[in-house]
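Heads up: the sequence shown begins at 29 in the working numbering, then just goes up one per residue.
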Amino acid sequence: MHGTGPELDRTVPALLVKVGRYPEHHGGVGVIRTLGRRGVPVHAMVEDRFTPAALSRYTARRFVRPTTGREEPAALVDALLAIGREIGRRSVAVPTDDEAAVLLAEHAGRLGECFLLPPVPSGLPRALADKGGLHRLCVEHGVPTPRALVPDGHGELLAAARELGYPLVLKNLAPWTRLRAPVVSHTTVVHDERELLAACPPGTDPSVLVQEYLPAEAAEDWFTHLYCAADGRVQLVFTALKVRSWPPQAGVTVRARTLDNPRLAEQAAEFCRRIGYRGVADLDWRLDRRDGRYKLVDFNPRTGAQFRLFETVSGVDVVRALHLDLTGRPLPPGPPDLRRSFRVGQLDLPAAAAWSWRERRLPPDLLPHRATERAWLCGDDPLPAAAEAARFTATAARRAVRALGRARGRAGAPRA
């Protein structure tokens with residue numbers, strides 16, 4: 029699935045930029061592979077020497093810089109500058125999380141010494157990654173989005189839930205919050221007040237967005253990945269249908285396929301033009317069949333984990349487009365390759381099982397086909413898949429042991 033592609037400037041390296049601990053990230057490995065295969069030296073910030081990204085054959089140099097997101101921004105900027113000076117040439121910085129994107133945008137003046145960055149307005153990535161800020165921008169620019177409220181205190185949280193009605197969706201409100209003081213571990217659907225109080229107990233600070241739930245039986249999950257050039261042109265827009273996610277209906281994409289959707293592509297591009305966005309973006313949409321509108325539910329101002337689903341017939345994806353644009357090279361023309369699909373194998377298995385249990389039938393796109401881009405497994409770079417398999421198995425074993433311990437504890441508890 030990697031074939032040929034555009035000629036990139038091999039004298040300009042790239043740096044994978046991360047904030048927070050998430051060593052099992054296929055999006056970062058995708059960045060390393062897509063640029064490395066075109067001869068670009070790709071350096072990576074990694075949590076340790078044995079992460080999948082650290083073991084890729086296309087990683088030129090591994091900078092072991094574990095972060096938590098609790099560091100002061102100035103310290104993170106200093107660490108990035110130290111890495112940039114070690115590399116010795118200005119590099120294209122590729123963020124794979126919202127915090128990294130915010131950091132690069134807000135400190136572009138200092139970081140420009142060592143890195144090539146898209147000229148995005150400095151405060152825009154933070155506003156887009158903030159769930160309340162995104163909702164305000166959607167309302168301001170007439171972009172459909174689910175109804176949502178940002179409660180100030182526990183009383184307003186309960187009032188917001190009663191106003192929007194159950195079930196509803198809870199999301200950590202702002203970038204950095206999910207790392208420093210997360211309220212929920214991920215996007216969470218709560219079905220009644222009891223579940224809401226379990227997620228946000230009284231006396232805690234409910235730093236969440238409370239969002240209307242669009243019922244699964246009346247909705248479809250779509251996403252767009254795009255690249256907005258330094259001069260403001262929206263040069264690439266890709267559209268895809270999310271087939272499965274894990275956890276179901278609220279988690280990361282584990283199975284998806286490209287579908288041509290000109291209406292959604294133009295809606296995404298027009299929003300980016302209106303707000304003056306620059307760089308790579310990953311937008312999540314939900315088609316509400318009740319009113320026929322695509323509603324924006326998330327805007328990630330950085331590279332999405334499943335970006336390798338998308339490529340033009342000329343071999344351009346959004347990360348290659350970023351490198352081409354920032355090094356002054358034109359993007360080869362060509363429409364999206366609509367044969368492609370994407371699969372995260374070890375997570376698609378439980379997602380498919382959950383879908384089958386719920387629907388009482390076999391799920392769609394169960395077997396990979398020739399045009400499937402696999403998140404981990406590939407013949408020319410096998411070590412990341414092996415490292416991921418080892419880490420995934422260890423994580424699953426630890427969780428099983430903890431679950432068994434809790435079950436034993438409940439069984440041994442005295443009865444009233």
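Even for Gly, the Cβ is constructed at its ideal location relative to N, Cα and C.
Residue j beta carbon less than 7 angstroms from that of residue i
i      : j      : result
PRO34  : VAL344 : yes
VAL308 : LEU350 : yes
SER369 : ARG272 : no
THR87  : ILE60  : yes
LEU201 : SER235 : yes
VAL341 : TYR255 : no
PRO276 : ALA382 : yes
ALA176 : LEU237 : yes
LEU324 : VAL171 : yes
HIS219 : TYR194 : yes
ALA268 : LEU337 : yes
PRO391 : ALA380 : yes
TRP274 : LEU375 : yes
PRO243 : GLU127 : no
ASN289 : ASP310 : no
LEU104 : LEU63  : no
LEU354 : LEU207 : no
THR281 : GLN239 : no
VAL47  : THR95  : yes
LEU36  : VAL122 : no
Delimiting residues of the alpha helix (DSSP H) encompassing residue i
i      : result
PHE370 : Segment 369-371 is the beta strand (DSSP E) holding PHE370; no alpha helix (DSSP H) there.
ASP106 : 101-115
LEU64  : It is Gly, not Leu, that sits at residue 64 in the sequence shown. GLY64 -> alpha helix (DSSP H) spans 54-64.
VAL68  : Element bounds for VAL68: n/a, residue is neither H nor E.
VAL167 : 159-169
ARG90  : Run containing ARG90: none in the alpha helix (DSSP H); it sits in the beta strand (DSSP E), 87-92.
VAL178 : Neither: VAL178 is in no alpha helix (DSSP H) and is coded neither H nor E.
ARG330 : No alpha helix (DSSP H) contains ARG330, which DSSP labels as neither H nor E.
LEU139 : 136-139
Local Cβ density within 10 Å of residue i, reported as buried at 16 or more and exposed below that
i      : result
HIS397 : exposed
TRP467 : With the chain running from 29 to 444 in the structure shown, residue 467 is simply not present.
PRO149 : exposed
SER119 : buried
VAL429 : exposed
ASP233 : exposed
HIS54  : buried
ASP125 : buried
HIS253 : buried
LEU395 : exposed
GLY161 : buried
TRP385 : exposed
SER213 : exposed
PRO361 : exposed
MET29  : Its pLDDT being 46, under 50, MET29 is placed unreliably by the model, and the measurement read from it follows with that caveat. Its Cβ having fewer than 16 others within 10 Å, MET29 is exposed.
GLU52  : buried
THR39  : exposed
ALA444 : Confidence is the limiting factor: at ALA444 the pLDDT is only 42, short of 50, which leaves the residue's position unreliable, though a coordinate-based value still follows. Answer is exposed; the Cβ neighbour count stays below 16.
GLU100 : exposed
ALA183 : The amino acid occupying residue 183 in the given sequence is Gly; Ala does not appear at that position. By the 10 Å Cβ count, GLY183 comes out exposed.
LEU352 : buried
THR152 : Note that residue 152 is Leu in the sequence shown, not Thr. Burial call: buried.
Unbroken beta strand (DSSP E) run spanning residue i, endpoints
i      : result
PRO123 : 119-123
ALA81  : Counting along the chain, ALA81 falls outside any beta strand (DSSP E), and DSSP gives it neither H nor E.
ALA246 : Here ALA246 belongs to no beta strand (DSSP E), and DSSP marks it neither H nor E.
LEU43  : 42-45
heavy atom of the ligand SAM below 6 angstroms from residue i C-beta
i      : result
ARG113 : This structure simply doesn't include the ligand SAM, nor any ligand for that matter.
Just list the beta strand (DSSP E) runs in the region 334-407, keeping only unbroken ones of 3 residues or longer that don't cross its boundaries, in chain order.
Entirely contained in the region 334-407, the beta strand (DSSP E) runs reaching 3 residues are, in chain order, 369-371, 400-402.
Three or more C-beta pairs below 8 angstroms linking the region 126-144 and the region 53-70
No: the two stretches stay apart, fewer than three of their Cβ pairs being nearer than 8 angstroms.
Runs of 4 residues minimum, wholly inside the region 253-320: which ones carry the alpha helix (DSSP H) assignment?
The region 253-320 contains these whole alpha helix (DSSP H) runs: 290-303.
May I ask you to verify whether the region 249-263 touches the region 299-307, counting CB pairs closer than 8 angstroms and requiring at least 3?
Judged by Cβ distances under 8 angstroms, the region 249-263 makes contact with the region 299-307, as three or more pairs qualify.
Can you give, in chain order, each stretch of the beta strand (DSSP E) that sits fully within the region 189-230 and has at least 3 residues?
Runs of the beta strand (DSSP E) inside the region 189-230: 196-200, 216-218.
Touch check for the region 410-418 and the region 77-84: three-plus C-beta pairs under 8 angstroms?
Short answer: they touch.
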